[in-house]
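>
Number of protein chains: 2
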Amino acid sequence: MNFNYPNGKRYIPEKKETIKLKKEKKWSYSNRGMTLEEDINITNEYYLEQNIAAIHKKPTPLQIVQVDYPKRSAAVIKEAYFKQASTTDYNGVYKGKYIDFEAKETQNPTSFPLKNFHDHQIKHMETILKQDGICFVLLRFSLTEEIFLLEAQHLLTFWKRMEDGGRKSITKDEIEHFGHLIPLGYQPRIDYIKKIDYLYRLS
Amino acid sequence: MNFNYPNGKRYIPEKKETIKLKKEKKWSYSNRGMTLEEDINITNEYYLEQNIAAIHKKPTPLQIVQVDYPKRSAAVIKEAYFKQASTTDYNGVYKGKYIDFEAKETQNPTSFPLKNFHDHQIKHMETILKQDGICFVLLRFSLTEEIFLLEAQHLLTFWKRMEDGGRKSITKDEIEHFGHLIPLGYQPRIDYIKKIDYLYRLS
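In structure tokens form, the structure reads like this:
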């Protein structure tokens, strides 16, 4: 309900003020409460609006078991299950090139566990590289809020090291060496296209 | 329930035999009972296995409302609704190029109704063309089992004609003139990549 104080000033409930404050503070990059996925979606919306690139998150794949069709209303799914994706989450086009990536985050401060990826995704990345697509992962270290772009060819090397009996993670040193830090921005928030431009000489 | 006849021969219910018969007959291309979507999925699987291209159908987008988490079992979605897709159904990569398309069929023998597409998809196609992606539609005339590849730029012209007050469909003559007939094959079934190769000089 909206109403005014006797002095004509509009009453704003305290809760809203808190929310507003948080909104204003959010660009401090600390405790923003934004997930990596939200930041990427907002980045992709920006790219789309500005005609920079057309990249979308794929819908979550579901196994639908039961659907009801009530009269005069929309079909209701009454039973469904989450399925494991056979591809990565994001793909699209930039300057005619196929772009494909996955985004993951870890609370671990010193290394990125490879269990964040699954076999199907790794196989998909191999296929994309064979087709000369541009494929990478965005890796976020939650504690330090650092985001790195690591090209799929490097991820595949570390995955192979694990399969050959080596460590089950990529050290942060390795990510700093082979990957590319993406500084958080205002618009776009995670400007991964800029890195792609640079890495693939597309500008 | 599985059980054996007294002579030890396994009992197979009659229904299964009927299904088997249908399967053996399906390559006659008449009344196969295969949908366009199934044919495209099998084509894409073939492309993937043969390292020709990596093209996938996007999962159906759903609005999930309620999820149950029973103890010791997988999460069950108890209430969800179908959402209108904001993109086309298929995308992927071929020789580094971004490929994007939608597939539709009609029972109409003489024209293809434009109501098969919706605004969001048309807008998406415009965006893909701006990004130099390869974008098209596969149009199937069910009665004659003919499939045409029509490049998005032509579809957009016919869409504009409709918006300007013109006809709400594309005549079959127009599709024959501006589109490209894809003969049905065994493997791959709908070899749209061959047409793309030819149209964009990619081989």
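Note that the protein sequences, when read in sequence, are chains A and B.
If you count by our numbering, then the first sequence holds residues 12 to 214, one letter each, in order.
If you count by our numbering, then the second sequence holds residues 12 to 214, one letter each, in order.
For every residue, glycine included, the Cβ atom is placed at its ideal position computed from N, Cα and C.
Determine, using beta carbons only, whether residue 211(B) comes closer than 8 Å to chain A.
Taking Cβ atoms only, chain A never reaches closer than 8 Å to residue 211(B), which makes this a no.
> Determine the DSSP secondary structure at residue 184(B), reduced to helix, strand or coil.
Correct three-state label for residue 184(B): helix.
> According to DSSP, simplified to helix, strand and coil, what is residue 83(B)?
Residue 83(B) falls in the coil class under three-state DSSP.
> With 16 as the cutoff for other CB atoms within 10 Å, does residue 101(B) come out buried or exposed?
Buried is the call here.
> Please say whether residue 186(A) and residue 158(A) have beta carbons closer to each other than 8 Å?
It is not a contact, given that the beta carbons lie outside the stated cut-off.
> Using the three-state DSSP reduction, which class does residue 141(A) fall into: helix, strand or coil?
Reduced to three states, the DSSP call for residue 141(A) is helix.
> Nearest to residue 206(B) by CA position, among 147(B), 78(B), 130(B), is which residue?
That would be 147(B), whose Cα lies nearest to the Cα of residue 206(B).
> Tell me which residues of the stretch 82-109 of chain B have at least one Cβ-Cβ distance to chain A shorter than 9 Å, keeping chain order.
If the cut-off is 9 Å between Cβ atoms, the stretch 82-109 of chain B has 85, 86, 87, 88, 89, 90, 91, 92, 93, 94, 96, 97, 98, 102, 103, 104, 105, 106, 107, 108, 109 near chain A.
> Going straight from the alpha carbon of residue 203(B) to that of residue 213(B), what length do you get?
When rounded, the distance between both Cα atoms is 13 Å.
> Should residue 68(B) and residue 98(B) be called a contact, given that it needs their Cβ atoms to be closer than 8 Å?
Going by C-beta atoms, residue 68(B) is not nearer than 8 Å to residue 98(B).
> Any beta carbon of chain A sitting closer than 8 Å to that of residue 139(B)?
Yes, its Cβ sits closer than 8 Å to a Cβ of chain A.
> Measuring alpha carbon to alpha carbon, tell me which residue in 52(B), 140(B), 196(B), 76(B) is nearest residue 111(B).
Selected option, being the one with the closest Cα: 140(B).
> Among 150(B), 137(B), 175(B), 95(B), which residue has its Cα nearest to the Cα of residue 121(B)?
Looking at the Cα atoms, 150(B) is the closest of the given residues.
> Let me confirm a value: residue 79(A) is counted as buried when at least 16 other C-beta atoms fall within 10 Å, else exposed. Which label applies?
With fewer than 16 Cβ atoms within 10 Å of its Cβ, residue 79(A) is classed as exposed.
> Less than 7 Å between the CB of residue 178(B) and some heavy atom of the ligand FAD, yes or no?
As for the ligand FAD, it is missing from this structure, which has no ligand bound.
> How many whole angstroms separate the CB atoms of residue 66(A) and residue 91(A), which I take to be in contact at a CB cut-off of 8 Å?
About 27 Å; that fails the 8 Å criterion.
> Kindly indicate the opening and closing residues of the beta strand (DSSP E) around residue 113(A).
Unbroken beta strand (DSSP E) run through residue 113(A): 108-117.
> Compute the Euclidean distance between the alpha carbons of residue 198(B) and residue 50(B), then round it to the nearest angstrom.
Near 10 Å, if we compare the C-alpha coordinates of residue 50(B) and residue 198(B).
> Apply the 10 Å Cβ neighbour rule to residue 142(A) and answer buried if 16 or more other Cβ atoms are within range, or exposed otherwise.
Per the 10 Å Cβ criterion, buried.
> Would you verify that the beta carbon of residue 52(A) is, or is not, closer than 8 Å to some beta carbon of chain B?
Chain B contact via Cβ: absent.
> Please report the distance separating the alpha-carbon of residue 38(B) from that of residue 47(B).
Confidence at residue 38(B) is low in this model, with a pLDDT of 41, below 50, so the placement of that residue is unreliable and no value is reported for it.
> Give the straight-line distance between the Cα atoms of residue 208(B) and residue 45(B), rounded to the nearest whole angstrom.
Distance between the alpha carbons of residue 208(B) and residue 45(B) is about 26 Å.
> Examine chain A for any beta-carbon lying closer than 8 Å to the beta-carbon of residue 125(B), and answer yes or no.
So, not an interface residue.
> What residues in the stretch 139-162 of chain B bring their beta carbon closer than 7 Å to a beta carbon of chain A?
The stretch 139-162 of chain B vs chain A, Cβ under 7 Å: 139, 141, 142, 143, 144.
> So, helix, strand or coil for residue 47(B), using DSSP?
Reduced to three states, the DSSP call for residue 47(B) is helix.
> Is it buried or exposed, residue 61(A), if we count other Cβ atoms within 10 angstroms and call 16 or more buried?
With fewer than 16 other Cβ atoms within 10 Å, it is exposed.
> Which of the three DSSP states, helix, strand or coil, is assigned to residue 57(A)?
The answer is helix: DSSP assigns residue 57(A) an H, G or I state.
> Using the DSSP secondary-structure output, state which residues sit across from residue 152(B) in a beta bridge.
Its beta-bridge partners are 117(B), 157(B).
> Should residue 89(B) and residue 72(B) be called a contact, given that it needs their Cβ atoms to be closer than 8 Å?
Result no, Cβ atoms of residue 89(B) and residue 72(B) do not sit closer than 8 Å.
> Using a Cβ-Cβ distance under 8 Å, would residue 69(A) count as near chain B?
Yes, residue 69(A) counts as interfacial toward chain B.
> List, in order along the chain, the chain A residues whose C-beta lies closer than 7 Å to that of residue 72(B)?
Within 7 Å Cβ-Cβ: 70.
> Determine whether the beta carbon atoms of residue 64(B) and residue 105(B) lie at a separation below 8 Å.
Yes, the pair counts as a contact, with Cβ atoms nearer than the cut-off.
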